[in-house]
Each structure stands twice: as structure tokens, then as C-alpha cells.
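Worksheet: the structure to be examined is printed underneath.
Chains as they are written, first to last, in our numbering: chain S, 1 to 467; chain G, 468 to 956.
Shown next as C-alpha cells:
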């Protein structure tokens, strides 16, 4: 930091990226209008009046947005200005939709019905707090590289936790939860981040070995076994755990992340081919070996062949078809008919009440997050940061594709949360951490490079300090 | 590493593009077909809280929605439930819709494209969209006469009556006995609705079956009109042409012989075609069928609408001549087919169509029940436009058949349909099915002969009458007469 002096003399005038914090503030204001507006629309749609607590809620949201903005302004002034407002919009829309499902449940089941919006609000607050902590504590993402293997071990531990007797819980057929007192937690969401960190740290070191050493078989350069050993082990391990936890979505997500990062690190398209073949074989074996996989595929191809078994996806399709182009309007559809309309199927609820227009806007927002994330990777100056940003962005893409594609019947249904929208503490916390990391890398890459300081001419020796 | 990152960026875009396209497909392209699926609770809920359009006969509703003070806001009511149940069908929250409630649902519920402008105006005005109404072609007096006629057979009798306007194909009467009360299925007490459903669907009498369009039975001697038409076209016969008659029709090398009803000889070995129809001579028409051949006979039947689905708006079963047209029939089977037995099976509507085409000089009109469709503002959106389904036979043959059918009423088996002062054409039928159950009584007729305004078919499926008394002329004829009188006023 001592070298950052405005008068630092350099030979060529340096390009200094704009901070664009003002733009971020304006976008945040737009995001808040959307979120608070959505809450009001839900209240008007269901009960015919604006919810009484909307002022408190608005104050909370504005406060949270301001805190994140100020923190970013302080510790990451060059960070991407679009990511934060987009994420706040999605998070806010998710909160409004969960509140909307709560109201429907109260109407259907009376005052004792489960309500989730308050919990989700607490989780959001915790998520934002975690975001602040991460962006303050991690001042330089490259330091994370030092803990590559720690993250690898953490990922394994997190994935194993649900299998620990007494701690793990079976919820809806998947053993991916752990119970902590009254809370349930999905460690897989954090394992995702740890794996991205581990893959990035590992591959950036081994990329030359992976790319150059090795034998060429069938036109594809295969690396040496000893370079590939640990990562294959980690992959097999995570995959194995997921087979036992019967969580299709996560296993697809982790494998996709692994293949993509391997390809980006080595710049060898052959890995994509190998990965696709492995995935195809795995999917086929899974289809033959596991009845729940077959069930999902059948439900995808012929949902109406067994309307009772495929009730959820059919109701989701009916809901979205009923929403049509413009949707029924918040609070005016019946998204609560679909089971889990507040978590895995929240995108169907959005499609029903906000219509095709709203659903496309949400998808474009995800697209924006991903492309901004990949842009961060492009301009990032260090390999670890590039890989990490790519990994985080691709993981969001895969997760959105798997869950939205499943709910809209583009691909077979697999259980994953919709980032920022779905109800669920672990998902909210983990995704806020991802955004914190992306903003951190973004700030690092757009920050002007420290200038080279020329020492006095008459010094006996010239020391050139790069960093 | 930038090149692969750029490629990944494109890859991610492709995935998002796929999601966007799929969302468009789901919410725009396939939305209508998903919304139209039976059992779609959202659409049903929405429809249930809407002012559904009425179904009208001569301006009076036979199905209408009245406000109710429960959560569904409207209750469907059928003021004359049993009389019109087969046309209206039911409108049930639990069990979906049937008949016109189902086929005319887009108009009745207001989701039809022609009501788009109304919906937009309702949306802007923040009003609940309303459904349009439909007016039926039915003649109240004919409908009531038909129902009264069937009731007259006894409460446990089952049967069906259908009347058509020969020149247009408009359905004037359509009655079944037993019928059912669709109000029982439209209620908002779903427990009661479910009980009613169980009772109605499990009843042996099949009260929810529309016998006029769904029940195919051997038409017996009424099918001789088709055989006669084929013989006149193919063999060039006229009503006064001489044809073979006698007591039996035997087949070389086969012990089976075809006999006349009651063992008569039809009035001699050689009689006129007209007399053969008047006395319903099995020997003559069995022999003619043999001469014409099954293929030509089936062709003639198809020209009268057999094997075709010509009524979209109601549940429908096509009639048939043989169960498998690729199988060659032997001589006795062909002869039996010619008198409407063996595998011939027709609905009452189909037999009314045959008579109607004959009465309309051979032009077979497509039957229809909806005369006009109106928007909630009573503006006419569509009026029925009568369409010809086919030219069943030449006008010469049709006029010959008319002449012979009038003769059948004046001096033959169909005398029970005679109306004083008006020329009526008719034909009876008494069809055997299995030996252990009584025969089916058929009657079909048209009037007046010089300018036919009504063609009617009556089926008496079963009654408590003793077996020997069952005949088309005796049981079904008077009902046909009453319906025609009601139409002619």
C-alpha cells in the first residue's frame, strides 16, 4: 500500500478503471424499488392492502443495501457495480414470493400454518453479514490459494457430514441435510465454494504439468497419473458421497465445475470431450442402477403418464401456462398448489405470477451475474483468480440451468436450490459468499496496478519491485 | 486462459438461451394446450369463479350460472335437468365437464379467442370476465313429446329419440331414458357430488350414456332402406320393379335358410320392391344384399354416414356395417347384413340421418346442435351454417325411397306413424341381438312427404313389455308420430 502514491511516475500514462460506485448506488435504488414494490404487490394481491410491516421491511432492506454498498465502497472500490444490485433484486423477489406463499398457506391452513418469510429474512440478514465479513477479511483473494488443500479437506468434510449418524437428516429422500438444533443445513452449498477454491488452487499450480506432460492417446493429451491422482480422487469422492446421498443435482454441478475448470486451466478442449463422455456414461449407469434416476427421467419424458407421481412438475407446468405472457400478478395466482413452491419450485411460482416476461427477466439477471463473473475472470491478472471467478460463475450457471431446466421440463428434474430466490439458509449464505468472492476478485483486477517506482538515479543498484 | 474463459462465456450464454427458449415454449406455445387439460385445478378454480354463459333453447336457459355466496361465487344450474342432460352434459368441479359444457367451454367460460376484446375490456375495467351464451337448435315441443313418449313405455324402459331437420341437419330433439340430473354433479358439496357420481356411473341402466349418439345396436329392418338404396343404384331397380320374395331364402350347400318374420311369404314369390319394403320382407332384402355384394352395400352405408364421426360437440360412436371391412362375408352373412343384422350396428342418430338424407332428396346434412353463439353483450359471434356431409344417393333413388316409405306407412308395417292429413314416410325395425334378451324396437320416419321438415328415429332398447309384443311399429311408432306432430305443430 505504501507504493500507491498519485505522483508515482511511470513511463506510459496508465489506464485507471472508473470505480462506478455511483452507478451501483443508482442500480441499488432501482433494485430496492422492485423488491419493496413486490412486497406491496403481494399484500395488495392477496389481502387487498399493503402489508402493515412494509415500512419496517423497507427500512431493513434499504439499510442492508446501504451497508453492503458502503462496505464495498470502502474495501472494494473498484468492484463490479452490477453484481450487487442484481443479487439484491433476486434476493428481494425471492423474499416477496416466499411471503406470498406464506399468505396462501395461512389462508388454506389457518393461523397455525408454517410460515417461512421471517426465517428467510433472518437468513438474508445473516447472508449479508457473511458477505460483509468475507469481503472485509479477505482483502486479497490470492491469499486463499495458500489454503488450497484445506479447502479440499473442508469440501470432503462438508459432503460427509450428512452421512454422520445423528447429525444427518433425510429430507424428501435426499440425505444432504444436517440438523443443528432447530435449523436444518445443507452443507453441500458450502462444499460447492470449497471445491471451486480447491480446484482453482490446485489447477493453477499443476496446469503446466497437466497441459504439457503426459501422453497423447487417441488425439487427446492425457496427463500423468500422479498429476491427476488427487483431483480424480476428490472428484470420485464427492461423486461417491452424492450417490449415497441420492442428490443428483449436486453431483452434476460438482462434476461440471471440475471439467470446466480443468479445461480452462489446461486450455485443452479434449477435457470437455472426456468429461462429456464420462458424464454420459455416468448418467446411463445411473439410469440403469438407480430407480430414483429412472423415475426422474420418466417424469421428464412422460409426466402425464402418471399424474399422481408427477403431481409436482405437472402443477408447476399448469401454473406457468396459466401465468402466460404477463402472469397473474403477484398474489393473484395459485402457486401454492405446487409442492415446494417456495424452494425448489420457486421459479415456477415466479413464472405463474410474473409471467413469461418476469421469468425471462429473472433468467437474464442470472445471465448478467454469470457474464459479469466471467468478465471478472477475463480481466483478472492472476491465474488463481481467473480460475476461481470462472468456477464461481460456472457453478451459478450450472445450478440455475439444472434447477430451472428441471422445473420447466427442459431436462429431468433434480433437486437444487435456485440461487438467492429459494427458501433455505445454507443456499442464501453460500451464494452471498460467492458474490463477496467475485466482488473481491473484481476489485483486485480492476484496481490500478501499483506503479513501478523508480529509485534515485545515483543509487548503485536498481531494484525493480513488481508488487 | 482467456480463450477458454471466452468459450465458457459463450457456453453459459447458450445454456441461458436454452432456458429462455424453453420458458417461451412452456408459457406461450404450449400454454393453451396445458390450460385445456382436464383436471387443471388452476383453470377450474378460475372458471368456477366466473359468470359462465348460458345454454339456451328457444330463449330459455337449460343451463345457467347463478350467483352463490360461497367461495366459488357462481353455481351452475340446470332448470330442466333430465330433459336436456344429454345436451348440456354436466359441469363439475371434481369430475370435469361433458357434452356441450365441455365442447363449448371456450365460449361458455369466456376464454374463446373471439372474446379476446371483451377480456381486455374486462381487464382494464377490473371486472371479472364473463362467458358467452349458446343457443341450441332444439324444438322444445318435440323434445318434450319425445320424453313423454319414452316415459309412456314405463319408468324402467330404456330408449332414445332423435329428430333432425332434413334440409339443414339441425337437431330438433334428442332424448334418452333414463337420463340424469346434472345438478347433482354441479354442486359445491363435493361429498354429495362424489356420491352422486358413484351412483350414476355404477348404475346398470347407464343414465349418463347418450344412447342417441353413443349406443350402437343392430338396426334391424330399418337398415333395409340402405339396402334398398344400394339395390336401386346398383341394379337400377324402381319402386315398382319386381323382386324375388317367398318364405325362405336358401343358400347352395349351406343348411341355413333366411326366413321372414312370422313365417309369411311377403305376398308371393315375385312382388314389387315397394311391397317388399312395406311388409319388410327379409327374403327380398337378403337376396338383394347378396346381389349387390357387401362392398357396395358398405359403400352405400358409408355414403349415409356410417363409419364417420360427424358430430363434434357431443360424445359420439360411429356406426358400422361390419366389424372388419377386410374380411369377406359369406352368402348368409351378407344376406343378414342386408336386413340390418349380423355385425351391423347403428346409433339412433345414424338411422335418423339415413331417413333425413332420403327425405332431403339424397343430400346428407351434417348434424349440429348449436344454432348460434353470442358474446356476453348478446352480439352474435357465429351462426350455424348448414353443411352437406355427402350426397348419399341420387335424388331419383331418394324420391323412390320416399315413395316406398310413404307406402310403408299407408299400407305396411309402419302404420302407427300415420298422421291424418299429412303424408308420412316411415320404416320399422325389430332387431334380434342375443337370444337371451328381448329384441330392440326401432322406428324411423319423416314428414311431410312433399316437403320434409322432420326426420325422426326412435329406439326402444328394453321395456317390461312381454317379448311377443315388442315390435318397432307397436312401441316406437307412436313416439315418432308424437315427435313429428310436435314439430309440424
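From the three backbone atoms N, C-alpha and C, an ideal C-beta is built for every residue, glycine too.
| Asked | Found |
| --- | --- |
| Would you kindly work out how many angstroms separate the C-alpha atoms of residue 527/G and residue 498/G, rounded to a whole number? | 35 Å |
| Going along the chain, which residues of the stretch 528-552 of chain G sit with their C-beta nearer than 8 Å to a C-beta in chain S? | none |
| Is there a Cβ of chain S sitting closer than 7 Å to that of residue 507/G, yes or no? | yes |
| Using 8 Å as the Cβ pair cut-off and three pairs as the minimum, do the stretch 761-773 of chain G and the stretch 887-901 of chain G touch? | no |
| Round the Cβ separation of residue 829/G and residue 858/G to the nearest angstrom and send it over; I've been treating them as touching at under 8 Å. | 6 Å |
| Counting only C-beta atoms, is residue 47/S closer than 7 Å to chain G at any point? | no |
| Could you tell me which of 609/G, 479/G, 517/G sits nearest to residue 920/G, measuring between CA atoms? | 609/G |
| Leaving out five residues on either side along the sequence, give the residues of the same chain with a beta carbon under 7 Å from the beta carbon of residue 1/S. | Only weak support exists for where residue 1/S lies, its pLDDT of 44 falling under 50; the value from the coordinates is given anyway. Nothing meets the Cβ criterion. |
| For the stretch 650-697 of chain G, which segments carrying the alpha helix (DSSP H) assignment without a break, of at least 4 residues, lie completely within its bounds, in sequence order? | 650-653, 657-669, 678-681 |
| Let's test the definition: count the other Cβ atoms within 10 Å of the Cβ of residue 844/G and tell me whether it reaches 16, buried, or not, exposed. | exposed |
| Whole angstroms is fine: what's the gap from residue 185/S's alpha carbon to residue 154/S's? | 16 Å |
| Looking at the structure shown, is residue 250/S part of a helix, part of a strand, or coil, going by DSSP? | helix |
| Got a sec, what are the start and stop residues for the beta strand (DSSP E) residue 896/G sits in? | 892-898 |
| Hey, residue 471/S and residue 101/S: beta-carbon distance below 7 Å or not? | As displayed, chain S neither begins before 1 nor continues past 467, which places residue 471/S out of reach and without an answer. |
| On a CA-only basis, which of 954/G, 856/G, 687/G, 706/G is nearest residue 695/G? Give me that one, please. | 706/G |
| State whether the stretch 643-663 of chain G contacts the stretch 860-878 of chain G, with contact taken as three or more CB pairs (one from each stretch) at a distance under 8 Å. | no |
| If we call anything under 7 Å between Cβ atoms a contact, is residue 149/S one with residue 96/S? | no |
| Name the two residues that bound the continuous alpha helix (DSSP H) containing residue 913/G. | Segment 907-914 is the beta strand (DSSP E) holding residue 913/G; no alpha helix (DSSP H) there. |
| For residue 123/S, which residues does DSSP report across the bridge? | According to DSSP, which records beta bridges pairwise, residue 123/S is partnered with nothing at all. |
| Kindly list, in the order they appear in chain S, the residues whose Cβ is closer than 8 Å to that of residue 494/G. | 320, 321, 323, 324, 325, 351, 355, 356, 359 |
| Straight-line CA distance for residue 712/G to residue 606/G? | 41 Å |
| Here's a check: name, in chain order, each residue in its chain whose Cβ is nearer than 8 Å to the Cβ of residue 488/S, leaving out the five neighbours to either side. | Outside the displayed span of chain S (1 to 467) sits residue 488/S, for which this structure offers no information. |
| First and last residue of the alpha helix (DSSP H) that includes residue 474/G? | 469-491 |
| Chain S beta carbons: is any one of them nearer than 7 Å to that of residue 733/G? | no |
| Return the CA-CA distance between residue 791/G and residue 398/S, expressed in angstroms with no decimal places. | 56 Å |
| Residue 739/G lies in the beta strand (DSSP E); which residues open and close that run? | 737-739 |
| For chain G, check one thing: does any of its Cβ atoms lie closer than 7 Å to the Cβ of residue 363/S? | yes |
| Using a Cβ-Cβ cut-off of less than 7 Å, give me the residues of the stretch 573-585 of chain G that come near chain S, in sequence order. | none |
| DSSP state of residue 411/S, grouped into three classes? | coil |
| Can you tell me whether residue 280/S is buried or exposed? The criterion is at least 16 other CB atoms within 10 Å of its CB, across all chains shown. | exposed |
| Determine which residues of the stretch 332-348 of chain S have a Cβ less than 7 Å from any Cβ of chain G, and write them out in chain order. | 334, 337 |
| Once DSSP output is grouped into helix, strand and coil, what is the label at residue 796/G? | coil |
| When you compare the CB of residue 503/G with every CB in chain S, is at least one pair closer than 7 Å? | no |
| For residue 10/S, decide whether its Cβ has a neighbour in chain G, counting only Cβ atoms nearer than 7 Å. | Bear in mind that a pLDDT of 48 at residue 10/S, under 50, signals an unreliable position, so the number given afterwards is only what the model happens to contain. Judged by the 7 Å Cβ criterion, residue 10/S is not in contact with chain G. |
| Residues in the stretch 96-125 of chain S with C-beta within 8 Å of chain G's C-beta atoms, listed in sequence order? | none |
| How about residue 76/S and residue 374/S: do their beta carbons lie closer than 7 Å? | no |
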